[in-house]
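Peer 1: The structure under discussion is supplied below as structure tokens; questions concerning it will follow.
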Amino acid sequence: MSSLRLTAMATLVVAALSTACGDDFDPYEELTGLRLLAVSATPPDLVQGERATLQALVVPPTRTSTVTQRWFWCPFTESVSTGLRCALSGEDVEALVSGAGGDPTALPPFVPGKGFDLGADATAQLDYDFPSQVLEGLCAQIGSNDLPDAVELPACDGRFPIAVRVEVESEGRVVLGATSVDFFYEPPGPTDRNAHPAVESLEISGPGLAGLVRVAPTGTATVAADETYDLLADISDDAVEVYDRADPTQPGRTEPTSEILALTWFIPGGSLDRVRTSFIEGEVSLREAESNEWTTPLRADFEAGPAEIIIVIRDDRRGVSWIRGSVVLGGDS
Amino acid sequence: MSIPRTASTAARVALLLLLPALARAQDPAGGVPSIVPPRLLASEPAVYPADAMALRVGAVVTVEILVRVDGSAEVRGEPRVDFWAPDGAEVVTSTGSQGFVDAALEAVSSLEFEPARTPEGGPVDVIIEYAFRFDPPAPSEPTPSETMAPPPVRISGEIRERGTRKRLPGVAVVAFRGSGDDVDGIEVVTDEDGVFRFYGLDDGPWKIYAEPDGYFPFRTTEVLAAGDALDVRYYLERGRMNPYDVVVEASAPKKEVTRRTLTREELRKVPGTLGDPVLVVENLPGVARPALASGDIIVRGSGPQDTGVFIDGIQVPIIYHFGGLRSVLPADVIDQIEFYPGNFSTRYGRFTGGILNAQTRGLDAETVRGTVDVSLLDASLLLEVPISKKLSILAAGRRSYIDAVLGAAIGDQTVSLTTAPRYYDFQAIVDWHPNRVHRFKLTVIGSDDELVATFESPADIDVRLRSGDTNVNTTFGRAIASHQFTPNEKLSNRVSFSAGFDQNGGAFGGQFDFDFDTIRFDMRDDFRWQIIPTVELVSGLDAFFATTDYSVLASRPPREGDPVPPGDLANPLFSEATGVEDFRFAPFVEADWRLFDRLSVIPGARMDYFSRLDALTFDPRIVVRYDWSPQLTTKGGVALVHQQPTLQELDPEFGNPELEPQRAIQYSIGQEWRPLDYLSFDVTLFYKDIQNLVSSTGATRTDSDGTTSPLVYDNGGTGEVFGLETFIEHKFNRNFRGWLSYTLSSARRTDSGESRSRFFDFDQTHIFSIVGSYLLPANWEVGVRYRVVSGNPYTPFTGGIFVSDRDEFEAITGRVNSERLPAFHQLDFRVDKTWVYRTWQLSAYLSLTNAYNQSNVEAISYNYDFTQRGQTTGLPILPILGLRAEF
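And the structure:
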């Protein structure tokens, strides 16, 4: 399997070089322009009869910019290389749903390539309001239908991932986002349901600040140019759930596993010690995941005034939440 | 200076030999008519010289004689003397002519011939070779000299080459004294071991002088005290340490449309290759420039897996170490590289691309020799020890320290390289040739590449990683035992057996883990039989058996045409198996039929059995070469080749076990022109039709239990490659060697279910390179390489979609390979200087890669959401200094 070896080599080289060499692009962690930072469904998974609230974490290009969002869902998508387009036509879905015993007339309007329209509000509702046997039936039909080549087939392991698509637009620019929501068609196990992890609070300390200062949504902690500050995210130990993770090497077997928590840090400028921090049981402690260093922008790049710091926290089961805080880019230290 | 030869005194005739072969007629027209040779009518016996009495050696003096139309004989040119010992066991030291030449010349005057005649019957002058054989007098026969004591050896010694310590045979060494007309001296010639002896010199000072062609003059003075006998060793320095004239071997006649043979000494100093002969292959026609640090060998647009790499005819998994900067065999172990871009002999098969075979060298050291090579990349040591004249051993090893260099480059950032890329390799060769008929060789080679890295913040790489630990390693070893049997010039057989292992493993971030362990046995036999002067038969067997245990937890590796690795870290696939057997067996036959002294027709066939596919394939091939003149040859060939899909493609989880062999029909036609001995032009048109190409498919399959799963791959792809290769080579002459290579080609494929073709990943329309090295006085050498190559096709990213679960944008791709990177061009320099000391030599080189610091684009980079494009450029100007000591 020489190609596997080459892939591994290439991945390592790319990883090593990408960490060793910078480029001239805007850094991921810097909040400039229209940004889509997270898409969440609450709860992250549904059993029949439940409803999920869909929400996007969007940062507009300016404080006064108008942002619009439009939501869609689709049971089968093409590959990510085609932008996770909905792989089926409305008629295909109706036929599949009918074939699986569902009522296609209850479905929302269908937009080709995007899916069923869930509206253009800041949040959207995704209802699991059809019999779970529909999903079971869809799984049974997979392979027996002429699905398009690029369809990403669901695993059908007692849950069915429903793809959610959001289109965010502001000042003529559109950003596409996607997530998926697991619909259980079999009774979930005791640890199968997920809850979003959360960052309880965000604090900052450093030059000119009196100890640890809470960064609230309307915070007034003032930071100076070209200085390094400690950022601290407070995460409850309870945020780490233990679940029965399927062992990919032994089908049917699970083992209790702690969730991975990954924190992505966003700043108005300057640089971070690490763009992401993570908690990995036995590898990286929660305390390490909670802390980061922020070096504020140089004076030449320093635009005085309030600025936002955002932390997005994710687990490895589609759980996601965020915390937003504000500091003031002010005078010298 | 006049050196008188010692005079003959007495003796008797030994034997007279007339060599009947007619040398050449003095025909004014310069033709070579069929002539009746001259016949000996009368002769006087040659007299055994008195000077040789003390030694009692035998000799044959060969003289070129002009036999005139009147039957008289006249000496032409310098006579040649060959000595032998009376008992016939060992060749004795040659000590000048010892009077044999004078005796022979005297005898020539007595010769009387019937002149040679033309076919029409007229007499004609001819030159023949005439040999006088002198047998030493038997001890029982009293001779005048027997009453005298033999003269003592006063000075004995060896002549060796300075720096390399090679013994120099055939060197005239003169001991003399006096000056002007009053010179007294003796000339002797070194024997095949470089040994000489002076007998009977008087006491006192003697000047010693030697000046063989190609060497600086050597002068010294030895003083002989009464009763002394000196034992000396003289080192002569070459006028120029020219690596190109070290190897003088006639290359085998070509039986392929295109075969490039690169010898080690020729290629060690090609700029930009860091002294690695294998890397030189990249500068040959039909070979594309590989992606940076990939180490791929891309032949005529095919994928890297389509070209087989061999060492001594035995397949190996890799030919390059990590990053493609070094081959797994150091230059000092390689004898030559054979490279076939297509239409290769039936000796090879199972690959639809090209064949690269690195041949390890035979051992010929006269004394213990070794090299130490140190560069910024690695250090190596080689030791060659002659156990006897017929048995030698070699041991070599190399270890890189790229880990230190790269570690310093990366610094203390987010990745810590526990074992940054490092490699080592070792080689051992035992070469035993008990006689001319048998030669046994045992070659043991091993290679190990490893990289271990720890990402301090795994989430910075990917939020789904469960660990920061990452590693990958590739190890292989082979023990190749071969026996060459050459009972006569018409018959030979070479059989090789190899046992070895391949190990390839790795892990990535606690999500991917793979391990492959293969035990492998190879057997190859090449039998050659010259049935009649115009027909040679080559047949043999090429077989191997391998058993593999593997376990893979990973996403499906990207395939040709995939724009980005489709790795799904959260949902890797898993497959494992033990004892996966792979047996391949291929008898082959090939005949080289020479017709009308101009036409060579080389039909052949090969039958391959693939046990994993339970498939038997038949590959007929033919090559035709027509020599319009010794300088001009037209050539062409057609070949069918088959190739088994890769292990991954055949895996039930990762691929499709029902795949069939890929096949390709290769066509070539071309012209070779050699206007000068050292200058040749080669133009070849080629076309390759690829069928059954393994291709990704979205189709599904229904298993026996009724479950449905993706088919993943099928044999629905096709491919087409065609082009023109031009090679102009200037072999070493007037201190210059170089070549120009240009390839114009197109490589396209049509994937399964697609109606439109696209470029292969490695399609490069223009590939041009020019390479040259020039020897300067005082052992300086300069080299230059310049390359211009079309950029590779690539698939553009037209946008991105933010996948929240992964916290990253994923690329939305455009049409596969629909755009092309900018052209690559680069200039490389190399300067070598060698200092020659008495018993060793030191070389230093400075290699300057990318001399004008061109920012060549290796890939297109994008910002995080694929709304901005940039360019990832290759290595900047890179000076590398190296030292090499040879003793």
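Protein chains in written order, with the numbering used here: chain A, 1 to 333; chain B, 334 to 1220. Each residue gets a CB set at the ideal place from its N, CA and C atoms; glycine is no exception. Values in this document were obtained by computation on a predicted structure and should not be read as measured data.
Once DSSP output is grouped into helix, strand and coil, what is the label at residue 412 of chain B?
Peer 2: Along the second sequence, read from residue 1 onward, the residue named residue 412 of chain B stands at position 79. Three-state DSSP puts residue 412 of chain B in a strand.
Peer 1: Which first and last residues belong to the alpha helix (DSSP H) in which residue 283 of chain A is found?
Peer 2: In the first sequence, counting from the first residue as 1, residue 283 of chain A sits at position 283. Here residue 283 of chain A belongs to no alpha helix (DSSP H), and DSSP marks it neither H nor E.
Peer 1: Using the C-alpha atoms, what's the distance from residue 181 of chain A back to residue 1017 of chain B?
Peer 2: Numbered from its first residue, the second sequence carries residue 1017 of chain B at position 684. Numbered from its first residue, the first sequence carries residue 181 of chain A at position 181. Whole-angstrom Cα-Cα distance: 59 Å.
Peer 1: Apart from the five residues just before and just after residue 802 of chain B, which ones in its own chain have a Cβ nearer than 6 Å to its Cβ?
Peer 2: Here residue 802 of chain B refers to the residue found at position 469 when the second sequence is read from its first residue. So the list reads 787, once near-sequence residues are dropped.
Peer 1: Do we get a CB-CB distance below 8 Å when we pair residue 1143 of chain B with the residues of chain A?
Peer 2: Mapped onto the second sequence, residue 1143 of chain B falls at position 810. It does: the Cβ of residue 1143 of chain B has a partner Cβ on chain A nearer than 8 Å.
Peer 1: Sort B:606, B:678 and B:676 by Cα distance to residue 658 of chain B and report the nearest one.
Peer 2: In the second sequence, residue 658 of chain B corresponds to position 325, counting from 1. The shortest Cα separation from residue 658 of chain B among B:606, B:678 and B:676 belongs to B:606.
Peer 1: Below 8 Å between beta carbons: does that hold for residue 114 of chain A and residue 72 of chain A?
Peer 2: Taking the first residue of the first sequence as position 1, residue 114 of chain A is located at position 114. Taking the first residue of the first sequence as position 1, residue 72 of chain A is located at position 72. Yes. Within cutoff.
Peer 1: Using a Cβ-Cβ cutoff of 8 Å, what residues of the segment 1126-1141 of chain B are near chain A? List them in chain order.
Peer 2: Answer in chain order: 1132, 1133, 1134, 1135, 1136, 1137, 1138 and 1140.
Peer 1: Which partner residues does residue 323 of chain A have in the DSSP bridge list?
Peer 2: For this step, residue 323 of chain A is matched to residue 323 along the first sequence. DSSP output for residue 323 of chain A lists A:311 as bridge partner(s).
Peer 1: For a contact meaning CB atoms closer than 7 Å, what does residue 1196 of chain B contact in chain A?
Peer 2: Walking along the second sequence from the start, residue 1196 of chain B turns up at place 863. By Cβ distance, chain A contributes 25 and 26.
Peer 1: For residue 74 of chain A, which residues of its own chain have a beta-carbon under 6 Å away from its beta-carbon, when the five flanking residues on both sides are left out?
Peer 2: Taking the first residue of the first sequence as 1, we reach residue 74 of chain A at position 74. Here the set comprises 86, 115 and 163.
Peer 1: Assuming residue 626 of chain B contacts residue 656 of chain B under a Cβ cut-off of 8 Å, what Cβ separation, rounded to an integer in Å, is found between them?
Peer 2: Start at 1 with the first residue of the second sequence, and residue 626 of chain B comes out as number 293. Start at 1 with the first residue of the second sequence, and residue 656 of chain B comes out as number 323. 4 Å between Cβ atoms; contact.
Peer 1: Residues in its own chain within less than 6 Å of residue 1280 of chain B by CB, not counting five upstream and five downstream?
Peer 2: Because chain B in this structure spans residues 334 to 1220, residue 1280 of chain B falls outside the shown range and cannot be described.
Peer 1: Between the segment 688-708 of chain B and the segment 1196-1208 of chain B, do at least 3 Cβ pairs fall closer than 8 Å?
Peer 2: Cβ pair count under 8 Å is below three, so no.
Peer 1: If contact means a Cβ-Cβ distance below 7 Å, which residues of the segment 773-806 of chain B contact chain A?
Peer 2: Listed by position along the chain: 784, 786, 790, 791, 792, 793, 794, 796, 797, 799, 800, 801, 803 and 805.
Peer 1: Roughly how many angstroms separate the alpha carbons of residue 861 of chain B and residue 635 of chain B, rounded to a whole number?
Peer 2: For the purposes of this step, residue 861 of chain B is identified with residue 528 of the second sequence, where counting begins at 1. For the purposes of this step, residue 635 of chain B is identified with residue 302 of the second sequence, where counting begins at 1. Taking the straight line joining both Cα atoms gives about 32 Å.
Peer 1: Among the residues of its own chain, which have a CB less than 7 Å from the CB of residue 302 of chain A, if the five just before and after it don't count?
Peer 2: Here residue 302 of chain A is taken as the residue at index 302 of the first sequence, counted from 1. Closer than 7 Å at Cβ, skipping near neighbours: 225 and 329.
Peer 1: Exposed or buried, what is residue 91 of chain A when buried is set at 16 or more other beta-carbons lying within 10 Å of its beta-carbon?
Peer 2: In the first sequence, the residue the question calls residue 91 of chain A occupies position 91. Exposed, since its Cβ has fewer than 16 Cβ neighbours within 10 Å.
Peer 1: What's the call for residue 53 of chain A, buried or exposed, on a 16-neighbour Cβ count within 10 Å?
Peer 2: Walking along the first sequence from the start, residue 53 of chain A turns up at place 53. Exposed: under 16 other Cβ atoms inside 10 Å.
Peer 1: Of all Cβ atoms in chain B, is any one closer than 8 Å to the Cβ of residue 83 of chain A?
Peer 2: One-based indexing of the first sequence puts residue 83 of chain A at position 83. Yes - at least one Cβ of chain B is within 8 Å of the one on residue 83 of chain A.
Peer 1: So the candidates are B:701, B:508 and B:523; which of them puts its Cα closest to the Cα of residue 498 of chain B?
Peer 2: On the second sequence, position 165 is the one that residue 498 of chain B refers to. Residue 498 of chain B has its Cα closest to that of B:701, out of B:701, B:508 and B:523.
Peer 1: Just to make sure I have the definition right: I need the residues of chain A whose C-beta is within less than 7 Å of the C-beta of residue 309 of chain B. Which are they?
Peer 2: Outside the shown range of chain B, which is 334 to 1220, sits residue 309 of chain B, and nothing can be said about it.
Peer 1: Under a three-way DSSP split, which group does residue 1176 of chain B fall into?
Peer 2: Residue numbering aside, residue 1176 of chain B sits at position 843 when the second sequence is read from its first letter. Reduced to three states, the DSSP call for residue 1176 of chain B is strand.
Peer 1: From residue 869 of chain B to residue 819 of chain B, what does the alpha carbon distance come to, in whole angstroms?
Peer 2: Within the second sequence, numbered from 1, the residue matching residue 869 of chain B stands at position 536. Within the second sequence, numbered from 1, the residue matching residue 819 of chain B stands at position 486. When rounded, the distance between both Cα atoms is 15 Å.
Peer 1: How many Å lie between residue 1181 of chain B and residue 804 of chain B at the Cα?
Peer 2: Counting from 1 along the second sequence, the entry for residue 1181 of chain B is found at position 848. Counting from 1 along the second sequence, the entry for residue 804 of chain B is found at position 471. The straight-line gap from Cα to Cα measures roughly 32 Å.
Peer 1: Less than 8 Å separating the beta-carbons of residue 552 of chain B and residue 542 of chain B?
Peer 2: Position 219 of the second sequence, counting from 1, holds the residue named residue 552 of chain B. Position 209 of the second sequence, counting from 1, holds the residue named residue 542 of chain B. Yes, these two residues count as a Cβ contact at 8 Å.
Peer 1: Starting from residue 241 of chain A, follow the alpha helix (DSSP H) in both directions and report where the run begins and ends.
Peer 2: Along the first sequence, read from residue 1 onward, the residue named residue 241 of chain A stands at position 241. Segment: none, residue 241 of chain A is in no alpha helix (DSSP H) and carries neither H nor E.
Peer 1: Quick one: grab the DSSP three-state call for residue 139 of chain A.
Peer 2: The count along the first sequence starts at 1 and reaches residue 139 of chain A at position 139. DSSP places residue 139 of chain A in helix when its eight states are reduced to three.
Peer 1: On the criterion of 16 or more Cβ atoms from any shown chain inside 10 Å, does residue 1112 of chain B qualify as buried, or is it exposed?
Peer 2: Along the second sequence, read from residue 1 onward, the residue named residue 1112 of chain B stands at position 779. Looking at its Cβ environment, which holds 16 or more other Cβ atoms inside 10 Å, residue 1112 of chain B is buried.
Peer 1: Residue 656 of chain B lies in the alpha helix (DSSP H); which residues open and close that run?
Peer 2: By one-based count along the second sequence, residue 656 of chain B stands at place 323. From DSSP, residue 656 of chain B is part of no alpha helix (DSSP H); its letter is neither H nor E.
Peer 1: Of all the residues that make up the segment 873-887 of chain B, which are near chain A by a beta-carbon distance shorter than 9 Å?
Peer 2: The residues in question are 883, 884, 885, 886 and 887.
Peer 1: Once the 5 residues before and after residue 480 of chain B are set aside, which same chain residues still bring their CB inside 8 Å of it?
Peer 2: Residue numbering aside, residue 480 of chain B sits at position 147 when the second sequence is read from its first letter. In this predicted model, residue 480 of chain B has a pLDDT of only 48, less than 50, meaning its place in the structure is not dependable enough to derive any value.
Peer 1: Hey, quick one: how far does the alpha helix (DSSP H) through residue 638 of chain B stretch, first residue to last?
Peer 2: Numbered from its first residue, the second sequence carries residue 638 of chain B at position 305. Segment: none, residue 638 of chain B is in no alpha helix (DSSP H) and carries neither H nor E.
Peer 1: Run through the DSSP bridge pairs and tell me what residue 373 of chain B is partnered with.
Peer 2: Here residue 373 of chain B refers to the residue found at position 40 of the second sequence. DSSP, once it has assigned bridges, lists B:446 as partnering residue 373 of chain B.
Peer 1: With a cut-off of 8 Å, does the C-beta of residue 230 of chain A fall near any C-beta of chain B?
Peer 2: If you number the first sequence from 1, residue 230 of chain A lands on position 230. Answer no: the Cβ-Cβ gap between residue 230 of chain A and chain B never drops below 8 Å.
Peer 1: Have a look at residue 899 of chain B and residue 681 of chain B and give me their C-alpha separation to the nearest angstrom.
Peer 2: Along the second sequence, read from residue 1 onward, the residue named residue 899 of chain B stands at position 566. Along the second sequence, read from residue 1 onward, the residue named residue 681 of chain B stands at position 348. Note on residue 899 of chain B: pLDDT 49, under 50, position unreliable in the model; the coordinate value appears next. Whole-angstrom Cα-Cα distance: 34 Å.
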